[in-house]
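Some notes on the structure that comes next.
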Amino acid sequence: MSDTYWVDGKYLPKDDVSISPLTHTFHYGLGVFEGVRSYEAKDGSVNIFRLKEHTERLLESANITGIEVEYDYADLFDAQIQVVKKSNLKNAYIRPLLYIGSERLGLDIEGIDSHAMVTCWEWPSYFGEDALEKGIDVMVSSFTRQFPNSLMTKSKISGGYVNGIMAHDQAKKNGYQEAILLDTNGFIAEGSGQNIFIVKDNVLLTPSLNCCLNGITRRSVIQFANDEGIEVVERNITRDELYTADEIFFCGTAVEITPIRSIDKKEICNGKRGEMTTLIQTKYLDVVRGKSESYQDWLTRV
Ligand SMILES: Cc1ncc(COP(=O)(O)O)c(C=O)c1O
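Start counting at 1 in the sequence shown, then tack on 10, and there's your number in the working numbering.
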């Protein structure tokens, strides 16, 4: 963990940060957050990947949920850069969080102060060392992704993650590494905390944005595919299309591009990382690590 936090406009050492157990967000889950990564480039510089888009989505999440934020885009953008700089970490996972204070509990949030914090830490491999190469085993969850009109799926709402945590926990307890959630109509939605792509006959398919987060990695994958001349189709995907896919991968800031080697014990791509997955993964890792001449405008120098 970094020793530095940015809390309500001030940089504080970790030990000086405390929050009340009566913090509203603890009780009811009304908070919004982001997960952002920085990477070390070959020349030793450190860059944050798509900080602009993450900061925009953080503020969109606040707007969707009605959290009034005292800090503007520039404050939040800069705080993320400074927290990484002060941490001296190179490959950092950055967590901005907007949350509600402890003045009063109850569901009426009028007049309760909102707060903002940013910190970062090292989180090198979400699914363990080998996952990027060897892939992971996944199950289709018995938990359904929330209906978009109950918990807004375009925002990263703290309380919404209970759904993903329960699905993930169920998967782990059943011997899998991750869960795929269906939406309320039975179509594929996403992983517990990542978007999903399948490859069929050289076409990349991904669920349309009805019931999943508008992932920033998802957008990057679509951009790579467009630039490589690979056809991308966003549409409803059925569970049996997973079983008959040529390749499947998860994508997200935390998991990067992680191949899926089996679903519900059915092997995908002979249990190996497929060609298209390898291509997209290589492109992604080259770009985030500043090795690519293209997409430089996605990187913010720390
Ligand atoms: C539910 C959910 N879906 C998808 C993603 C992937 O989004 P991104 O690529 O912006 O990290 C995340 C991670 O933020 C997530 O929490």
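Beta carbons: idealized from backbone N, C-alpha and C, even for Gly.
Query raised in the report: By Cβ distance below 7 Å, which residues in the same chain neighbour GLY170 in space, the five residues on each side in sequence not counted?
Result: Correct list, in chain order: GLN156 and LEU161.
Query raised in the report: Under 7 Å from any heavy atom of ligand 1, does the C-beta of LEU223 make it?
Result: yes
Query raised in the report: Taking 7 Å as the line, does the beta carbon of GLU285 fall inside it for any heavy atom of ligand 1?
Result: No; taking the cut-off as 7 Å, the Cβ of GLU285 has no heavy atom of ligand 1 nearer than that.
Query raised in the report: Does at least one heavy atom of ligand 2 sit under 7 Å from the Cβ of ARG228?
Result: With respect to ligand 2, the structure shown offers nothing to examine, as its ligands consist of ligand 1.
Query raised in the report: Hey, quick one: how far does the beta strand (DSSP E) through ASP147 stretch, first residue to last?
Result: First-last of the beta strand (DSSP E) with ASP147: 146-154.
**Report entry** Buried or exposed (CB count within 10 angstroms, at least 16 for buried), GLU303
**Finding:** exposed
Requested in this report: Count the C-beta pairs between the segment 239-246 and the segment 214-226 that are closer than 8 Å, then say yes if the count reaches three, no if not.
Outcome: Under the three-pair Cβ rule at 8 Å, the segment 239-246 counts as touching the segment 214-226.
Requested in this report: Buried or exposed for ASN57, please, with buried defined as at least 16 other CB atoms from any protein chain shown within 10 angstroms of its CB.
Outcome: Buried: at least 16 other Cβ atoms inside 10 Å.
Query - Run of the beta strand (DSSP E) containing PHE260, from where it starts to where it stops - result: According to the DSSP assignment, PHE260 belongs to the beta strand (DSSP E) that extends over 257-262.
Query raised in the report: Around the C-beta of TYR83, are 16 or more other C-beta atoms found within 10 angstroms, so that it is buried, or is it exposed?
Result: exposed
Query raised in the report: What are the start and end residues of the beta strand (DSSP E) that includes ARG271?
Result: 266-273
Query raised in the report: So is ILE175 buried or exposed if we call it buried at 16+ other beta carbons inside 10 Å?
Result: exposed
Query raised in the report: So GLY300 and SER55 are in contact, right, with Cβ under 8 Å, and what is the actual spacing, rounded?
Result: 7 Å
Report task. Flag GLY41 as yes when its Cβ comes closer than 7 Å to any non-hydrogen atom of ligand 1, and as no otherwise. Result -> no
Query raised in the report: Just the Cα atoms here: how many angstroms apart are SER165 and PHE137?
Result: Their backbone Cα atoms lie some 24 Å apart in a straight line.
Report task. May I ask you to check if the CB of GLU200 is nearer than 7 Å to at least one heavy atom of ligand 1? Result -> Because some heavy atom of ligand 1 lies under 7 Å away, the Cβ of GLU200 counts as near it: yes.
Query raised in the report: Do THR154 and ligand 1 come close, with the Cβ less than 7 Å from some heavy atom?
Result: no
Report task. Could you have a look at THR248 and say whether DSSP puts it in helix, strand or coil? Result -> coil
Requested in this report: Confirm, please, whether the CB-CB distance from LEU68 to LEU40 is below 8 Å.
Outcome: Going by C-beta atoms, LEU40 is not nearer than 8 Å to LEU68.
Report task. Round the Cβ separation of GLU188 and VAL148 to the nearest angstrom and send it over; I've been treating them as touching at under 8 Å. Result -> At roughly 5 Å, the Cβ-Cβ gap stays under 8 Å, so GLU188 and VAL148 are in contact.
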